[in-house]
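Colleague: 53 is the number that numbering that gives the first Met the number 0 gives to position 54 of the sequence shown; each next residue is one higher, with no gaps.
Backbone N, C-alpha and C define an ideal beta-carbon position, used for all residues, glycine too.
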Amino acid sequence: MTQPFNRIAVIGSGFMGNQIALQCAAGGNSVCLHDAREVALENSVVCLSEFLDRMIDDGCAVADQRQSILDRIRRTSALAEAVTDADLVIEAVREDLAVKRDVFHQLDELCPRDTILATNSSSIRVSRIESATKRPGKLLNTHFVQPIWKHPFVELMRGSSTSDETILAVQSFMTSIGVIPVLVRKPSTGFIFNRIWRAVKKEALKVVDQGIATVEDVDRTWMIQMETPMGPLAMMDIIGLDVVRDIELVYHEESGDPADAPPQVLLDKIAAGHLGVKTGQGFYAYPDPVWLSSDFLRQASP
Ligand SMILES: NC(=O)c1ccc[n+]([C@@H]2O[C@H](COP(=O)([O-])OP(=O)(O)OC[C@H]3O[C@@H](n4cnc5c(N)ncnc54)[C@H](O)[C@@H]3O)[C@@H](O)[C@H]2O)c1
Numbered sequence: 000m001t002q003p004f005n006r007i008a009v010i011g012s013g014f015m016g017n018q019i020a021l022q023c024a025a026g027g028n029s030v031c032l033h034d035a036r037e038v039a040l041e042n043s044v045v046c047l048s049e050f051l052d053r054m055i056d057d058g059c060a061v062a063d064q065r066q067s068i069l070d071r072i073r074r075t076s077a078l079a080e081a082v083t084d085a086d087l088v089i090e091a092v093r094e095d096l097a098v099k100r101d102v103f104h105q106l107d108e109l110c111p112r113d114t115i116l117a118t119n120s121s122s123i124r125v126s127r128i129e130s131a132t133k134r135p136g137k138l139l140n141t142h143f144v145q146p147i148w149k150h151p152f153v154e155l156m157r158g159s160s161t162s163d164e165t166i167l168a169v170q171s172f173m174t175s176i177g178v179i180p181v182l183v184r185k186p187s188t189g190f191i192f193n194r195i196w197r198a199v200k201k202e203a204l205k206v207v208d209q210g211i212a213t214v215e216d217v218d219r220t221w222m223i224q225m226e227t228p229m230g231p232l233a234m235m236d237i238i239g240l241d242v243v244r245d246i247e248l249v250y251h252e253e254s255g256d257p258a259d260a261p262p263q264v265l266l267d268k269i270a271a272g273h274l275g276v277k278t279g280q281g282f283y284a285y286p287d288p289v290w291l292s293s294d295f296l297r298q299a300s301p
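1. Within 10 Å of its beta-carbon, does V61 have 16 or more other beta-carbons around it, so buried, or fewer, so exposed?
2. I'd like the list of long-range same chain contacts for C46, defined as Cβ closer than 7 Å, with 5 residues on each side in sequence excluded.
3. For E94, does the three-state DSSP call read helix, strand or coil?
4. Identify the residues that DSSP records as bridge partners of T118: which are they?
5. Could you give the residue range of the beta strand (DSSP E) that holds F295?
6. For A299 versus R219, is the C-beta spacing smaller than 8 Å?
7. If we ignore side chains and look at the alpha-carbon of each, how far apart do A81 and Q105 end up?
8. With a threshold of 6 Å on Cβ separation, who are the neighbours of D259 within its own chain once the five nearest residues in sequence on each side are excluded?
9. Among the candidates G272, L139 and F172, whose CA atom is the shortest distance from the CA of C23?
10. Identify the continuous alpha helix (DSSP H) that holds C46 and give its terminal residues.
11. For V214 and P288, I'd like the C-alpha separation in whole angstroms.
12. I believe C110 touches V92 by the beta-carbon criterion, under 8 Å. Please report the beta-carbon distance rounded to the nearest angstrom.
13. Among R74, L78 and S48, which one has its Cα closest to the Cα of R65?
14. Does ligand 1 have a heavy atom nearer than 7 Å to the CB of E94?
15. Going by other Cβ atoms of all chains shown within 10 Å of its Cβ, with 16 needed for buried, is L240 buried or exposed?
16. Quick one: is the Cβ of G26 within less than 7 Å of any heavy atom of ligand 1?
17. When burial is assigned at 16 or more other CB atoms within 10 Å of the CB, is V38 buried or exposed?
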């Protein structure tokens, strides 16, 4: 019989950490949000508020609970304070194995013995992190996709020794916060969805990199054929081009295949400081990218 979680800590108050914190708080939990950078914690005040407004607009949170949801989220730059009494810690720092291993090593030292530690990594299996801790039975991947409230599923994947009790407890928790826990039944870099998304992402980047089509025409063809509100390159702008590169680097490092290296067009954008929506420029210019214009699907690139 597993105990319900009450206190959640989220490590990394970036794009995903803020959404995870909100989803947990909207589910009635007390959340402590930690980031190593004070500025990220300061930015998260606005970020949480904006995400919550979108959740309310989308009918995924109730307006008169707005303040109580925000009040359930504390912020601290002191890791020990964030996790001292946590039942579950969800890590959402940058996609870098060494950074994640270091965070997990510290979490193992600071958290109560029974605390479950999860990583929101997009591509790193928790089995590559577990030797940084002494609690392999209490570790797992919990991969959320964005925006969480509109795409409410999370992929759960075991490490080499994750206990059934850990999986059951996290499945039950995710259900309690309105997120469907999908179990990845074998070790899989990229879980389920990201393996499929990666194939699309990689080919979309290659088609642009090789000069075969414009960014706009790649997205246009995808949007018309798949009847989606955005194409793969616009989606990468939302995710963050640096995040996309870091994920590709994990696959490349694992396979050693030169075909898996991030394409030059992606590296050039990053070198120019064009990281997508968060910097106002990526494959498109924001806040009013052309792919959102009403006639985008009615004209091809010249
Ligand atoms: N962006 C997406 O759409 C998406 C979707 C699913 C999963 N993910 C995964 O979630 C994780 C976070 O991605 P993101 O897009 O939120 O990144 P982000 O760059 O927006 O945020 C990362 C945050 O982690 C903080 N950080 C870095 N090192 C830290 C440390 N040692 N201790 C504490 N805080 C630290 C940074 O200051 C930053 O605020 C990554 O593993 C990524 O692969 C991202």
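Modeller: Based on what the coordinates show:
1. When all chains shown are included, V61 counts as exposed.
2. A distance below 7 Å between beta-carbons, with the five flanking residues on each side excluded, links C46 to the following residues of its chain, in chain order: N17.
3. Correct three-state label for E94: coil.
4. Paired residues: E90 and N140.
5. No beta strand (DSSP E) contains F295, which DSSP labels as neither H nor E.
6. Cβ atoms of A299 and R219: closer than 8 Å.
7. Their backbone Cα atoms lie some 12 Å apart in a straight line.
8. Cβ within range, chain order: Y250 and H251.
9. Selected option, being the one with the closest Cα: F172.
10. From DSSP, the alpha helix (DSSP H) with C46 extends over E37 to D56.
11. Rounded to the nearest whole angstrom, the CA to CA distance from V214 to P288 is 12 Å.
12. The pair is not a contact, with the Cβ atoms about 16 Å apart (cut-off 8 Å).
13. For R65, the closest alpha carbon among the candidates R74, L78 and S48 is that of S48.
14. Checking the Cβ of E94 against ligand 1 gives yes.
15. A residue is called buried once 16 or more other Cβ atoms fall within 10 Å of its Cβ, and L240 is buried on that count.
16. Proximity of the beta carbon of G26 to ligand 1 is not indicated: no heavy atom of the ligand is located closer than 7 Å.
17. With fewer than 16 Cβ atoms within 10 Å of its Cβ, V38 is classed as exposed.
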